[in-house]
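Q:
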């Protein structure tokens, strides 16, 4: 059986050979059959241990891709590939690279990442046409001063090394647009970085930074993306607003206590990540960031939000999980493009009455608050997920309308109120051994052999009569406590762990943290044998729409 028709163009005039994932132990013969015409050789993800001399006799070769093999060195023959423009030898076992690489004067892109390279060849830093250089994860303890010779370099990746400082010659890279210093050992951002006037993307995450240099913001006018997450920053420079071109700012997992007022000058900012800090308030000026589309503030110490948030007309995703919010400003209802609102684990007892104005709202997470009811206007929102309890097995629950002396009407559910129940109510249900299983929105789990699906099923409507019968037990148990709506006559009692509101307390302190909507959340399916879950089911996943 022929593997290829014997066309002359196929055998001897090929310009490209692609043998990725072919379990090769050596360079295949097909490469040498087209030695005069071959321009591209792709041999990624094989088990090649050595490069033959014939490979370096390909006069027109422009791309040589050898990533994810078993190579241990790059021999002297590499210098013969004078037209080579792209070299990828990442994810091998290379400890030595020939100095003759300096003869590959046409090289534009070199990827050396994930190799145990003992010493970088000096010739590498004589390649004046080099634009992309990847040296991630090569055990680098010191960057040679020769890096300053690569004046045409546009992307430099140094992630996952053990660098503590950079040579001052780095400042010569006036065309550098992307610099990745993440996951190193920097305690201070090198001054040379502040001289890179063309820089557009800077990654310094997962280091030990405690502050930024004073002139940091002033000298980087083109910076668009800054990631300084997972450091030890306690404060930000007062002139942060000088980074006027910034669109994406990530400062999560630091120790920041407040934001400078100049943050309001970041008029192009669209993504702001501030999770896991110590921020207790936001400056009113933050409302001037009118281009914001995503804002993540989870796990801070916020007690209130400024009224200026009503200016965020383009905001799509707002995450304020695990703060200390007791109320929300009415201006929140002005966010007409808001798609995801996550308020999990706060101290909120009521929502603004005009929540129905959030016409674009699809996902609302209110788990772990002190809500007793929801505003009636919320019914006009076209929600695809409403999370009221960490016991939910479906993303959407049925609501019913009840009278309210203050607002005229309000929306309620047998998952509300969320306030902790009196102990005697819990005991009265726990002592009843004839419990029947009830789940959200008409029994997602019907018997002991059925477990929740990995993906939450679509919401199914429940009639008023069905809903009333499901909550009758909770109503009877709460006759002397905080009342859930729809009290009915009836003696049927339900399993303690599936009755919420006045019976089951929310979010016991011993429970692990739940993931939030940034950018997706995972809702675990019930696994308790008492509620028919049996073995733990795969978690349902709800992804944020882009």
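Residue numbers (the numbering used here): 16 to 561. Glycine included, C-beta positions come from ideal geometry on N, C-alpha and C. Note that the coordinates shown come from a computational prediction; the quantities given were computed from them, not determined experimentally.
1) By DSSP's criteria, residue 80 is part of a beta bridge. Which residues make up the other side?
2) How many whole angstroms separate the CB atoms of residue 281 and residue 256, which I take to be in contact at a CB cut-off of 8 Å?
3) Does the Cβ of residue 125 have 16 or more other Cβ atoms within 10 Å, making it buried, or fewer, making it exposed?
4) Is the Cβ-Cβ distance between residue 355 and residue 384 less than 8 Å?
5) What would DSSP say about residue 288, mapped onto helix, strand or coil?
6) Between residue 358 and residue 336, which are expected to be in contact by the criterion C-beta below 8 Å, what is the C-beta distance as a whole number of angstroms?
7) So, helix, strand or coil for residue 417, using DSSP?
8) Cutting at 7 Å between CB atoms, please list the residues of its own chain near residue 234, excluding the five before and the five after it.
9) Let me know the secondary structure DSSP gives residue 137 once reduced to three states.
10) Do the CB positions of residue 170 and residue 190 come within less than 8 Å of each other?
11) Can you tell which of 298, 153 and 273 has its C-alpha closest to the C-alpha of residue 111?
12) Does the separation of the CB atoms of residue 108 and residue 81 fall below 8 Å?
13) So, with DSSP's three-state summary, where would you put residue 170?
14) Starting from residue 46, trace the beta strand (DSSP E) both ways and give me its first and last residue.
15) Just to confirm the assignment, what range does the beta strand (DSSP E) spanning residue 240 have?
16) Which term fits residue 242, buried or exposed, when burial requires 16 or more other beta carbons within 10 angstroms of its beta carbon?
17) Residues in its own chain within less than 8 Å of residue 120 by CB, not counting five upstream and five downstream?
18) Among 386, 377, 375 and 351, which has the Cα closest to the Cα of residue 365?
19) I'd like to check one pair, residue 244 with residue 263: are the Cβ atoms closer than 8 Å?
20) Do you know whose CA, among 42, 33 and 65, lies nearest residue 54's CA?
21) Considering only residues of the same chain and omitting the five flanking positions on each side of residue 299, which have a CB-CB separation below 6 Å?
22) Tell me the DSSP secondary structure of residue 71 in three-state form.
23) Do residue 312 and residue 330 have their C-beta atoms within less than 8 Å of each other?
24) Tell me the DSSP bridge mates of residue 270?
25) Could you tell me if residue 506 is buried or exposed, where buried requires 16 or more neighbouring beta carbons within 10 angstroms of its beta carbon?
26) Among 157, 194, 193 and 71, which has the Cα closest to the Cα of residue 176?
27) How many whole angstroms separate the CB atoms of residue 295 and residue 266, which I take to be in contact at a CB cut-off of 8 Å?
28) If I follow the unbroken beta strand (DSSP E) through residue 265, where does it start and stop?
29) Could you give the C-beta distance for residue 340 and residue 393, rounded to a whole number, given that I count them as a contact under 8 Å?
30) Taking the straight line between their C-alpha atoms, what separation do you get for residue 29 and residue 327?
31) From this set, 136, 92, 83 and 166, which residue's C-alpha is nearest residue 128's C-alpha?
32) How big is the Cα-Cα spacing for residue 418 and residue 297?
33) So is residue 293 buried or exposed if we call it buried at 16+ other beta carbons inside 10 Å?
34) May I ask you to list the residues that DSSP assigns as paired with residue 355?
A: Considering the structure as presented:
1) As a working mapping, residue 80 is identified with position 65 in the chain shown. Note: residue 80 sits in a beta bridge opposite 57 and 103.
2) As a working note, residue 281 is residue 266 in the chain shown. As a working note, residue 256 is residue 241 in the chain shown. Indeed, because the Cβ distance is near 6 Å, the residues count as touching under 8 Å.
3) Position 110 of the chain shown, counted from the start, is the residue given in the question as residue 125. Answer is buried; the Cβ neighbour count reaches 16.
4) Taking the chain shown and counting its residues from 1, the one referred to as residue 355 is at position 340. Taking the chain shown and counting its residues from 1, the one referred to as residue 384 is at position 369. Contact flag unset, no.
5) As a position in the chain shown, residue 288 is number 273, starting the count at 1. Here residue 288 sits in strand by DSSP.
6) For this step, residue 358 is matched to residue 343 along the chain shown. For this step, residue 336 is matched to residue 321 along the chain shown. 7 Å between Cβ atoms; contact.
7) On the chain shown, residue 417 is found 402 positions in, with the first residue counted as 1. Note: residue 417 maps to strand in three-state DSSP.
8) On the chain shown, residue 234 is found 219 positions in, with the first residue counted as 1. Only 209, 210 and 212 meet the Cβ criterion.
9) Within the chain shown, residue 137 is the residue found at index 122, counting from 1. Looking at residue 137 - three-state DSSP - the assignment turns out to be helix.
10) Residue numbering aside, residue 170 sits at position 155 when the chain shown is read from its first letter. Residue numbering aside, residue 190 sits at position 175 when the chain shown is read from its first letter. The answer is no: Cβ separation not under 8 Å.
11) As a first step, residue 111 must be located in the chain shown, where it is residue number 96. Looking at the Cα atoms, 153 is the closest of the given residues.
12) Position 93 of the chain shown, counting from 1, holds the residue named residue 108. Position 66 of the chain shown, counting from 1, holds the residue named residue 81. No, the pair does not count as a contact, with Cβ atoms beyond the cut-off.
13) For the purposes of this step, residue 170 is taken as the residue at position 155 of the chain shown. Strand at residue 170.
14) Against the chain shown, residue 46 aligns to sequence position 31. Note, residue 46: premise wrong, no beta strand (DSSP E); alpha helix (DSSP H) at 45-48.
15) Residue 240 sits at position 225 when you count from the first residue of the chain shown. Element bounds for residue 240: 240-242.
16) Position 227 of the chain shown, counted from the start, is the residue given in the question as residue 242. So residue 242 ends up on the buried side.
17) By one-based count along the chain shown, residue 120 stands at place 105. Cβ within range, chain order: 97, 142, 143 and 144.
18) Numbered from 1 along the chain shown, position 350 holds the residue referred to as residue 365. The shortest Cα separation from residue 365 among 386, 377, 375 and 351 belongs to 386.
19) Locating residue 263 in the chain shown gives position 248, where the first residue counts as 1. Locating residue 244 in the chain shown gives position 229, where the first residue counts as 1. Not in contact: residue 263 and residue 244 (Cβ atoms no closer than 8 Å).
20) Locating residue 54 in the chain shown gives position 39, counting from the first residue. When each option's Cα is compared against that of residue 54, the closest is 33.
21) Here residue 299 corresponds to residue number 284 of the chain shown, with the count starting at 1. Cβ neighbours of residue 299 beyond the five flanking positions: 321 and 323.
22) Here residue 71 refers to the residue found at position 56 when the chain shown is read from its first residue. Residue 71: helix per DSSP, three-state reduction.
23) As a position in the chain shown, residue 312 is number 297, starting the count at 1. As a position in the chain shown, residue 330 is number 315, starting the count at 1. Not in contact: residue 312 and residue 330 (Cβ atoms no closer than 8 Å).
24) Counting from one through the chain shown, the residue named residue 270 turns up at place 255. According to DSSP, residue 270 bridges with nothing at all.
25) The residue given as residue 506 occupies position 491 in the chain shown. Below a pLDDT of 50, predicted positions are generally treated as unreliable, and residue 506, at 36, falls in that range; the measurement from the model is reported next regardless. So residue 506 ends up on the exposed side.
26) Sequence index remark: in the chain shown, residue 176 carries index 161 (1-based). Checking every option, the nearest Cα to that of residue 176 belongs to 157.
27) Locating residue 295 in the chain shown gives position 280, counting from the first residue. Locating residue 266 in the chain shown gives position 251, counting from the first residue. With 8 Å as the limit, residue 295 and residue 266 do not qualify as a contact, their Cβ atoms being about 15 Å apart.
28) By one-based count along the chain shown, residue 265 stands at place 250. Looking at the DSSP string, the run of the beta strand (DSSP E) that includes residue 265 is 263-265.
29) Mapped onto the chain shown, residue 340 falls at position 325. Mapped onto the chain shown, residue 393 falls at position 378. That pair is no contact at about 18 Å.
30) By one-based count along the chain shown, residue 29 stands at place 14. By one-based count along the chain shown, residue 327 stands at place 312. So the alpha carbons of these two residues sit roughly 56 Å apart.
31) Taking the first residue of the chain shown as position 1, residue 128 is located at position 113. It is 83.
32) As a first step, residue 418 is located in the chain shown; it is residue number 403 there, counting from the start. As a first step, residue 297 is located in the chain shown; it is residue number 282 there, counting from the start. Taking the straight line from one Cα to the other gives about 36 Å.
33) In the chain shown, the residue the question calls residue 293 occupies position 278. Classification for residue 293: exposed.
34) The residue given as residue 355 occupies position 340 in the chain shown. Paired residues: 332 and 378.
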